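To start, the structure itself, in structure tokens.
There are 2 protein chains.
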Amino acid sequence: MQVEDRLKELKVTINKKVPRGVTVTDVEFEGPEMVIYTDDPKRFAEDHDLIKTLARDLRKRIVVRPNILGDTEEAYDMIKAVVPETAGITDIFFDTDTGEVLIEAEKPGVVIGKNGSTLRDITMKTGWTPKAARTPPIPSVTIKQVRQYLRESRDERKEFLRRCGKRIHRDSIYTGRDHDQWLRMTTLGCCRQVGRAAFLLSTPESKVLIDCGESPGATGAASSPYLNVPEIYPFNNLDAVVLTHAHLDHSAFIPLLFRYGYDGPVYTTPATRDLATMLQLDYLDVNNKEDRAPPYSSNEIREFVKHTIALGYGDVTDIAPDMKLTLHNAGHILGSAIAHFNVGNGVYNVAFTGDLFYGKSRLFNPAVSQFPRLESLIIESTYGGSDDFSPSRVEAEERLYEVINETLGRGGKVLIPAFAVGRSQELMLAIEEGMRNNRIPKCKVYLDGMIKEATAMHTAYPEYLNTDLRNLIFRDNYNPFLAECFEQVDSYDKRQQVIFSEDPCVIISTSGMMNGGPVIEYLSNLAESPKNMIIFVGYQAEGTYGRRIQKGWREVPIGKRGTIVINMEIQTVEGFSGHADRKQLMNYVQYVQPKPERVFTIHGEESKTIDFASSIYKKFHIQTVSPQNLETYRLV
Amino acid sequence: MQVEDRLKELKVTINKKVPRGVTVTDVEFEGPEMVIYTDDPKRFAEDHDLIKTLARDLRKRIVVRPNILGDTEEAYDMIKAVVPETAGITDIFFDTDTGEVLIEAEKPGVVIGKNGSTLRDITMKTGWTPKAARTPPIPSVTIKQVRQYLRESRDERKEFLRRCGKRIHRDSIYTGRDHDQWLRMTTLGCCRQVGRAAFLLSTPESKVLIDCGESPGATGAASSPYLNVPEIYPFNNLDAVVLTHAHLDHSAFIPLLFRYGYDGPVYTTPATRDLATMLQLDYLDVNNKEDRAPPYSSNEIREFVKHTIALGYGDVTDIAPDMKLTLHNAGHILGSAIAHFNVGNGVYNVAFTGDLFYGKSRLFNPAVSQFPRLESLIIESTYGGSDDFSPSRVEAEERLYEVINETLGRGGKVLIPAFAVGRSQELMLAIEEGMRNNRIPKCKVYLDGMIKEATAMHTAYPEYLNTDLRNLIFRDNYNPFLAECFEQVDSYDKRQQVIFSEDPCVIISTSGMMNGGPVIEYLSNLAESPKNMIIFVGYQAEGTYGRRIQKGWREVPIGKRGTIVINMEIQTVEGFSGHADRKQLMNYVQYVQPKPERVFTIHGEESKTIDFASSIYKKFHIQTVSPQNLETYRLV
Ligand SMILES: [Zn+2]
Ligand SMILES: [Zn+2]
Ligand SMILES: [Zn+2]
Ligand SMILES: [Zn+2]
Ligand SMILES: [Zn+2]
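Chains as they are written, first to last, in the UniProt record's numbering: chain A, 1 to 636; chain B, 1 to 636.
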């Protein structure tokens, strides 16, 4: 049956199931959801079981939306009029995907009103479903920009969601007994290397790409996944793209897909959408600054945002006629997810860990390791080598304090190259606590690159942070990210001032592998003096300047800047990585439920993926594969 | 540089290298060859080193052809006039691909003339290069038909060869250092099963399909390889198809490629081309008789013939800018070949054994096991299980004689289902010798199905037979295939006569796995009497009637014919297979030179490919893979 006919039938069925007097005027697939349009949204709202029953009977994610969604400008004025000024509204964002309006205010309680009376009032008057949220303590330019993109593309997005919904709910082609079913995974990058993550899942029915990142430190064709092989090309054959997290080694080439014909959805968490947008915009910026022609423009980043379908952890979502996707916390960075696929009505289940941290960090809970079903696990191996044991976070912090004390004590400056997202916040929290508890002297901690912006996003998405930190910020009203030691560097002049000031200080700057970004500026000025210190706290990929310096190069040719002679001290403090170490990785495989039949080790140097795979086989008797790039494995 | 410019340059270069007075008027790529057109073919013919030197300097296969190739009809008359009538000319075949004319005669010596004088005379008068051959003792309808196809499509074929030549010699796209090279093998069938052989080799530059067969006994989608996956589709992206041998599990779906857009070359031996044509035509026939819609028509078989580029064993041939192919004797059936690929100027070498016999049989020499280079070996595993030891050919013949004696002794008929190609001829030779040496009583040996035709082709291509047999036929002038015990069944009446005669006899009939063909007719009439006997001498695939009867089914439902009750005796005589047994397979891996880095075991039931692979690993410490269908492995 065609989708249109199915929708007509569904409308008849639903109208029979709803109470007398309630009219369902329209049923539409919009993205993965089935939207029921009605004149009586309140009847649905009152009878909560009604939606639940419908969802269960029809096996769909159901959303009820009023026929008349007030014009957003009128609604805006209405909300401003209804909510008392004391609420301190800072932003009103209309999400036309969901019919919800997000009201950010200094005092969200005032927006809600006594027993929710103000919210109800808003619904009655505007048709929109209001949600009140606390204004993030640090404003994020990126979130503002993303909301702006979504606002501008409202109509286009509606059209996109309906088209996408119809595609997801299309009829299966291969249902005959005659047809033999299969599920394949193709590796387009990230095998026996760290970088350019890209994996394809395909069945006779559908094709899904997981991640599409760059290879840090690589140039030319080697920097991107293999996107011109017939398995993936042309891109408009893809049903979906799934993004595990925002780091560029997973996200950098997603906008490129839109340049070359992709026009479908990108499933990811809202936090990843926003963080990835920030990192992609910066990626363009760095490319431009380094005189490399970027492979796409900000237009394609906007396309990425417009085509994102944001999912919360745990939402089970139809993404193709024979595939359901669920994202789960991966513990790695804000919004990072393990992508779990249920294929062919549960016939086969496969999880891609993306990048993983399987322990409690200052920021996040450990990665989820319980799944309803699981046959294949595709797991990262950054620290999968047999020697890759990291010290505990506590030991790491001790060591960090030690190195900082030493450097500050001799009047030097500490330069910490760090990914803007994840490690920087972890370091900030450690350093802030160290100063608060007098473990290290009080001094300025300068943040350069996108660290402040990334931090702002952490406070805008508190639901991803672990309970302790959330409590500290919202219950105890102490936001460590706002501590006065932190100072943003946002201009050339300011950077020069930091560099040439006499005062010892700590500088946390991007990029984390020193392959671009303001950290290079600091390096070239601070390298000369043996009083200064670089502390490496994260993984340095082969081919990056960071790796070279870490390995002991004392003369580093940095493109057109010439050669930097390095006299400053180099230290590596292990234990701050956002990646599980060998012990955590083995624990993860041991504790993951249910026990998978097969484990693929990826996202690691060749020797590490192979060693990790063979250790898993020896210890747990699970079939393992350490695939190469450009291979295809049959899962079913 | 474009191919056209390259050809112009080559013409200039060659004209500088040839002796004064010789003019090269044109240089063309035709298929894998570089053809030099000249008005002085005799000067080239005289100075044999000239072509050799040119070939070495230009690193091309060079053919010299006179500008004026006489009109074939005039040349025909001329040859008839020049050659004395006593030669007994039976066929004159002009091969426009090569400029050769094949003169088949009862007395080829008379065609050659004293010291080759008659041949020289023909060259002078016609421009064609004559070759004399002995008229095959049994005329082959198929060979006649194939020559007819080629004759009819002369102009089209010229156009095809030039187009194909330009494609082979096109410029490489990926030559930059930036580009990383790879070689991949994709399994489209024949993994963990016997049947539907189809493998794809691909590089950034080119794509080659090896075999494209059916799965005997399977129906619907499962009977053909996976031809609708993006790795292979669309077919016009293929650079070449290589056919290892004629059996339908390797050749049946090659004509289908032409129906769906393929328009390139099929590289194979001349014998395989002709045998495959016969088997494909029969495949259509059987499909029609069984009321199954055949997937293509005889038009596509004609396309297959027209697009064939015939290669002899050992010819090193450019088939793509970065691939050279060499076919080597596989010992399995007439014309069967191991396909050896040299990729990227020797960077990587991979051999597909096709079906293999690694011992001397009555018909052929053992498979070739020496290669200039070899990194990966893809080897068949039909009898790769740890118990798959066959008796020697001598033991097998003893046992065959025993069972025949027993049956004839009790007045019964012996029915031997056999592939038309290979096993039938092996049996004929054994039975004929048995009768000649009085090991079994003299009786009629009826041949039904295409066995006679297949036998005819064996005598038309004596160069593929082993030395003993060739000597027997041509030196000792005794052709065992013509022994008087053999009698062809070529009509319904004749078949009924054989079935209902009182005389004991032996019947060899197709198909070899009893999934169609006249053998079914014999079975349904002979099954009733316990005096009669079926002897299985070849592999019976899962799902075929042969397998069921062999397993002991005593009531066999045969489609619309109803159920056959089987009272006749069933015996399996092992040792006649055209496939290497476990011992031969292990020997092959042991003796193959050079030792490959990796072995893939295919063309065998799941347990056998796995067992064979793990035994190779244990015994020879070579990395092994037992791939599944639809997987891709990275070789480089
Ligand atoms: Zn990451
Ligand atoms: Zn990563
Ligand atoms: Zn065969
Ligand atoms: Zn075969
Ligand atoms: Zn053609």
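The C-beta atom is built at its ideal place from N, Cα and C for all residues, glycine as well.
Remember, predicted model here, so these are calculated numbers, not experimental data.
Environment of residue i [buried if 16+ CB atoms lie within 10 Å]
| i | result |
| --- | --- |
| P255 (chain B) | buried |
| residue 643 (chain A) | Nothing in the structure corresponds to residue 643 (chain A), since chain A is present only between 1 and 636. |
| N515 (chain A) | buried |
| I338 (chain B) | buried |
| E528 (chain B) | exposed |
| A293 (chain B) | exposed |
| R423 (chain A) | buried |
| G217 (chain B) | buried |
| F94 (chain B) | buried |
| M533 (chain B) | buried |
| residue 649 (chain B) | Residue 649 (chain B) lies beyond the range of chain B shown here (1 to 636); nothing can be said about it. |
| M124 (chain B) | exposed |
| E453 (chain B) | buried |
| R59 (chain A) | exposed |
| A580 (chain A) | buried |
| P480 (chain B) | buried |
| N345 (chain B) | exposed |
| H307 (chain A) | buried |
| G189 (chain A) | buried |
| Y358 (chain A) | buried |
| E152 (chain A) | exposed |
| I548 (chain B) | It is Arg, not Ile, that sits at residue 548 (chain B) in the sequence shown. Buried, because 16 or more other Cβ atoms sit within 10 Å of the Cβ of R548 (chain B). |
| N471 (chain A) | exposed |
Residue i CB to nearest heavy atom of ligand 6 below 8 Å
| i | result |
| --- | --- |
| S361 (chain B) | Among the ligands present in this structure, namely ligand 1, ligand 2, ligand 3, ligand 4 and ligand 5, ligand 6 is not found. |
What are the residues in the stretch 607-636 of chain B lying within 8 Å of chain A by C-beta distance? Q628, N629, L630, E631, T632, Y633, R634
Practice prompt. Pair every Cβ in the stretch 383-392 of chain B with every Cβ in the stretch 487-505 of chain B, then say whether three or more of these pairs are closer than 8 Å.
Written response: Result no; under three Cβ-Cβ pairs closer than 8 Å.
Task: Segments of 3+ residues assigned as beta strand (DSSP E) that fall wholly inside the stretch 358-430 of chain B - done: List check, beta strand (DSSP E) in window: 376-380, 413-417.
Which of the residues in the stretch 221-246 of chain A, read from start to end, lie with their CB under 7 Å from any CB of chain B?
A221, A222, P230, E231
Subject >> Touching by the beta-carbon criterion (3+ pairs, under 8 Å), the stretch 239-246 of chain B and the stretch 317-337 of chain B >> reply: yes
Problem set entry | Any heavy atom of ligand 3 within less than 5 Å of residue CB: hits in chain order | B:H247, B:D355
- prompt: Can you find at least 3 beta carbon pairs, one from the stretch 24-39 of chain A and one from the stretch 156-165 of chain A, that sit closer than 8 Å?
  reply: Enough Cβ pairs lie closer than 8 Å, so yes.
query = Of all the residues that make up the stretch 181-199 of chain B, which are near chain A by a beta-carbon distance shorter than 8 Å?
reply = W182, R184, T186
Query raised in the report: In chain order, which alpha helix (DSSP H) runs of at least 4 residues are fully inside the UniProt domain "K Homology" (95-162) of chain B?
Result: Taking only runs of at least 4 residues, the alpha helix (DSSP H) segments lying wholly in the UniProt domain "K Homology" (95-162) of chain B are 108-112, 117-126, 141-152.
Would you check if the stretch 66-75 of chain A and the stretch 199-206 of chain A touch, i.e. whether three or more CB-CB distances between them fall below 8 Å?
no
- Item | Minimum length 4: unbroken alpha helix (DSSP H) runs contained in the stretch 260-319 of chain B | 270-289, 298-306
**Study point:** the stretch 569-578 of chain B contacting the stretch 601-610 of chain B, beta-carbon criterion three pairs below 8 Å
**Key:** no
Check: Should the stretch 517-527 of chain A be regarded as contacting the stretch 415-431 of chain A, the criterion being three or more beta carbon pairs within less than 8 Å?
Finding: Note that the stretch 517-527 of chain A touches the stretch 415-431 of chain A; at least 3 beta-carbon pairs, one per stretch, sit closer than 8 Å.
Report task. For the stretch 25-82 of chain B, list the alpha helix (DSSP H) runs that are entirely contained and at least 4 residues long, ordered along the chain. Result -> 41-46, 48-58, 72-82
Any contact of the stretch 361-380 of chain A with the stretch 268-278 of chain A, i.e. 3+ C-beta pairs under 8 Å?
-> no
Unbroken stretches of the beta strand (DSSP E), 3 residues or longer, contained in the UniProt region "Metallo-beta-lactamase C-terminus" (578-636) of chain A:
List check, beta strand (DSSP E) in window: 598-602, 623-625, 632-634.
So, do the stretch 131-145 of chain B and the stretch 106-114 of chain B have three or more beta carbon pairs nearer to each other than 8 Å? yes
Check your understanding: How do the stretch 323-335 of chain B and the stretch 294-307 of chain B stand: do at least 3 beta-carbon pairs fall below 8 Å, yes or no?
Key -> no
**Asked** Is the number of C-beta pairs between the stretch 215-229 of chain B and the stretch 262-271 of chain B that are closer than 8 Å three or more?
**Response** No, the stretch 215-229 of chain B is not in contact with the stretch 262-271 of chain B.
**Request:** May I have a chain-ordered list of the beta strand (DSSP E) segments no shorter than 3 residues that lie completely inside the stretch 171-243 of chain B?
**Result:** 184-189, 198-202, 207-210, 240-242
Within the stretch 537-564 of chain B, note down every full beta strand (DSSP E) run reaching 3 residues or more, in order along the chain. 555-557
Taking the runs of the alpha helix (DSSP H) that are 4 residues or longer, which of them lie wholly in the UniProt domain "Beta-Casp" (424-549) of chain B?
451-460, 467-470, 492-500, 519-526
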